[in-house]
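Here the structure comes first, spelled out in structure tokens, and everything after it is commentary.
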Amino acid sequence: MYEEYFGLTAAPFSIAPDPQYLYMSNRHREALAHLLYGIENNGFILLTGEVGTGKTTVCRCLLEQLPENVDTAFIINPKVNAHELLASICDDLRITYPADATPKILVDRLNTYLVSTLESGRRTLLIIDEAQNLSVEVLEQLRLLTNLETNRRKLLQIILLGQPELLETLSKQSLRQLSQRITARFHLGALNKKEVNDYIAHRLSVSGARGNFFKHSAMDRIYKLSNGIPRVINLICDRCLLGAYAENRAIVTPRIVKKAAREILLSGNAEQPIGSDYSKSSTTDWRLPTAIAASIVGVAITVSMLLPTQVSYNSSVETSAEKAASTMSIVPYADHDSTLIPISETVGHTSKKMAFDDLFALWGIYIEDQITDPCDTIQSIGLACLEEAGGLRKIHALNRPVILQLHDSQWITISQLSDNTATLLAREREYQISRNELAAAFDGSFTVVWRMPPGYQTPTTLGDNGADVDWLVYQLAIFEQRTPDQTTGFTFDESVVQQVKHFQESVNVPANGVVDPTSWIHINSIEGVNIPFLTGDAG
0 MYEEYFGLTA APFSIAPDPQ YLYMSNRHRE ALAHLLYGIE NNGFILLTGE
50 VGTGKTTVCR CLLEQLPENV DTAFIINPKV NAHELLASIC DDLRITYPAD
100 ATPKILVDRL NTYLVSTLES GRRTLLIIDE AQNLSVEVLE QLRLLTNLET
150 NRRKLLQIIL LGQPELLETL SKQSLRQLSQ RITARFHLGA LNKKEVNDYI
200 AHRLSVSGAR GNFFKHSAMD RIYKLSNGIP RVINLICDRC LLGAYAENRA
250 IVTPRIVKKA AREILLSGNA EQPIGSDYSK SSTTDWRLPT AIAASIVGVA
300 ITVSMLLPTQ VSYNSSVETS AEKAASTMSI VPYADHDSTL IPISETVGHT
350 SKKMAFDDLF ALWGIYIEDQ ITDPCDTIQS IGLACLEEAG GLRKIHALNR
400 PVILQLHDSQ WITISQLSDN TATLLARERE YQISRNELAA AFDGSFTVVW
450 RMPPGYQTPT TLGDNGADVD WLVYQLAIFE QRTPDQTTGF TFDESVVQQV
500 KHFQESVNVP ANGVVDPTSW IHINSIEGVN IPFLTGDAG
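Taking numbering that gives the first Met the number 0, the leading residue of the sequence shown gets 0, the next gets one more, and so forth.
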């Protein structure tokens, strides 16, 4: 309802666990580290947290970063008996069984499947959400599943996600054997005041906002009312934007927050924290040594979308481009080492800004200006930076060189990516490493450079017109193997929306009819002119 009013591409404060909107606080970063650590070390992992702290979203972020050789069974309705749990696991893994199968038959079928997949180089991960609802009987069945093993390793890895009540259940004497088998534990706490402010700004940015619509005093009030619980923050902020829209206001004030809180509470007491029913986050949690946690997911995960500032493709910009040419020149790349080496032997950059030199070289440009932000500089020649989050599958799908940070805080550029190997650039050297090793060594955030269409300002959507829409219509005609119309003055109407959705479906991005930077990256691949590709071509 209010999205169009605020110029947003989507509702920023939905409570759906969309990994794209995941804000990685230090707590969420460490939680993800525990999950990755447990998986790499064949462990039984426990992640607990209060209602709405982001457990499920962290887990979905994990799923995007899993290696290609991991099969997953995700159980989201654990209010079942032991027999039903086994059947659900088999169903998720597409294991067939007779209708009258007993628990023993189900376990035997599961064991046969796990042995077969292990022999073929694959692993199997079982994730159970809302695990506080598991009965003692079902938890005991899980313990028995941990007995499925070879002489070298467990056949099934397990992650339990649950509220703090799960800890009380696992502390029972009857479950001590299961509790002893848990190799990694973490309790996910609430956000602090600064993180709440950053969280709100982050979600607005991902939704296409070109600024923060919340006054600092309003965000302070939201922090107090929510107790730092992300789900409660979403409820309040969503109602705040609706209230601002209803009052025809561009900024959310403390008064609007107070009114929104009263409506959510229904009790009329807008001073009592909405999150007061959520107990304060326990200060007792089971932490990995800092060095290990950092080695798994790095020291900074930022999941945000930076939309480029206004760019115009008229004569004044041509003048800007000519001016930029004085500080940019076309360059070749340097030395190449084709030997597959351990990632620990790569020598990257100590700062992200230095790594941009390698990335820009792949685009054929060199920037002498070391003061201005590189992403600001390249806008004058029609390029922009996009901060993204996801695993190597997402990078492979974008098919563009990217900058990312390794576990040891080194910044490198990926210039090529195949199913098995990756080529990294740093300090005028190329390194070839295993793709699986790279997947385990970076934190899931990366920066990609993309070419903006003529006249680009914000994501292109229904009702827009201008040079970017003309360019879009031209490219879609090529995609649909039609003769492009050379005229201009097109409007982004419903027919264009349907063409865009069809294209988005073909490249596996959200088919919402809005052409955001991710969609433009794929559209640019249609002709692929003067664009470096990770896989060597647009396909």
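Idealized CB from N, CA, C, for every residue including glycine.
Is the beta carbon of residue i sitting closer than 7 angstroms to the one on residue j?
i	j	result
Ala130	Gly161	yes
Asn435	Thr534	no
Thr145	Gly42	no
Leu155	Leu113	yes
Val472	Phe445	no
Ala158	Ile44	Per the sequence shown, the amino acid found at residue 158 is Ile instead of Ala. Taking 7 angstroms as the Cβ cut-off, Ile158 and Ile44 qualify as a contacting pair.
Leu34	Thr56	no
Asp17	Ile75	no
Asn132	Lys78	yes
Leu217	Val256	What sits at residue 217 in the sequence shown is Ala, not Leu. Cβ distance < 7 angstroms, so Ala217 and Val256 count as in contact.
Asn68	Arg121	yes
Thr47	Leu165	yes
Val499	Thr8	no
Gly51	Arg230	yes
Trp410	Ile520	no
Phe478	Ile525	yes
Ala440	Leu405	yes
Should residue i be labelled buried (16 or more other beta-carbon atoms within 10 Å of its own) or exposed?
i	result
His186	buried
Asp492	exposed
Leu339	exposed
Leu224	buried
Pro97	exposed
Thr95	exposed
Val135	exposed
Lys153	buried
Val447	buried
Ala425	buried
Ser414	buried
Ala15	exposed
Val346	exposed
Ile232	buried
Ala249	exposed
Lys393	buried
Looking at the structure shown, is residue i part of a helix, part of a strand, or coil, going by DSSP?
i	result
Leu7	coil
Ala438	helix
Phe355	helix
Ile402	strand
Trp362	coil
Asp284	Only weak support exists for where Asp284 lies, its pLDDT of 35 falling under 50; the coordinates are left without a value.
Asn132	helix
Thr56	helix
Arg220	helix
Arg261	helix
Val296	Reliability of the predicted coordinates at Val296 is poor, the pLDDT of 37 falling under 50, and the value obtained from them is presented with this limitation in mind. Helix, per DSSP.
Val310	Annotation note: pLDDT 29 at Val310 (below 50); position unreliable, no value reported.
Tyr22	coil
Tyr430	strand
Ser303	In this prediction, Ser303 has a pLDDT of 27, which is less than 50 and means its spatial position is unreliable; what the coordinates show is noted afterwards. Coil at Ser303, not helix or strand.
Ile340	coil
Thr490	strand
Thr446	strand
Arg254	helix
Gln162	coil
Glu386	strand
Leu45	strand
Phe502	helix
Ile199	helix
Ser13	coil
Gln140	helix
What residue range does the alpha helix (DSSP H) around residue i cover?
i	result
His33	Asn25 to Glu39
Thr71	Thr71 -> not in any alpha helix (DSSP H); beta strand (DSSP E) instead, spanning Val69 to Ile74.
Ile520	Pro516 to Asn523
Ala466	Ala466 to Phe478
Gln456	That residue, Gln456, is in no alpha helix (DSSP H); it is neither H nor E in DSSP.
In the DSSP assignment, find the beta strand (DSSP E) that holds residue i and state where it starts and stops.
i	result
Tyr186	In the sequence as presented, Tyr is not what sits at residue 186; that position holds His. Element bounds for His186: Ala183 to Leu187.
Glu148	That residue, Glu148, is in no beta strand (DSSP E); it is neither H nor E in DSSP.
Leu416	Trp410 to Leu416
Ala421	Thr420 to Ala425
Ile530	Careful: Ile530 lies outside any beta strand (DSSP E) and carries neither H nor E.
Thr123	Arg122 to Ile127
Would you mind giving the Cβ-Cβ distance between residue i and residue j, rounded to the nearest angstrom? I have them listed as a contact below 8 angstroms.
i	j	result
Cys374	Phe12	About 27 angstroms separates the two Cβ atoms, so there is no contact after all.
Tyr244	Tyr1	4 angstroms
Val195	Gln19	So it is not a contact: roughly 19 angstroms between Cβ atoms.
Ala163	Glu29	Looking at the sequence itself, residue 163 is Pro, so the reference to Ala does not match. Between Glu29 and Pro163 the Cβ distance is about 17 angstroms, and since that is not below 8 angstroms, they are no contact.
Within the present structure, is the beta-carbon of residue i separated from the nearest heavy atom of the ligand SAM by less than 6 angstroms?
i	result
Ser343	By its list of ligands, the structure shown contains no ligand whatsoever, and the ligand SAM lies outside what it can speak to.
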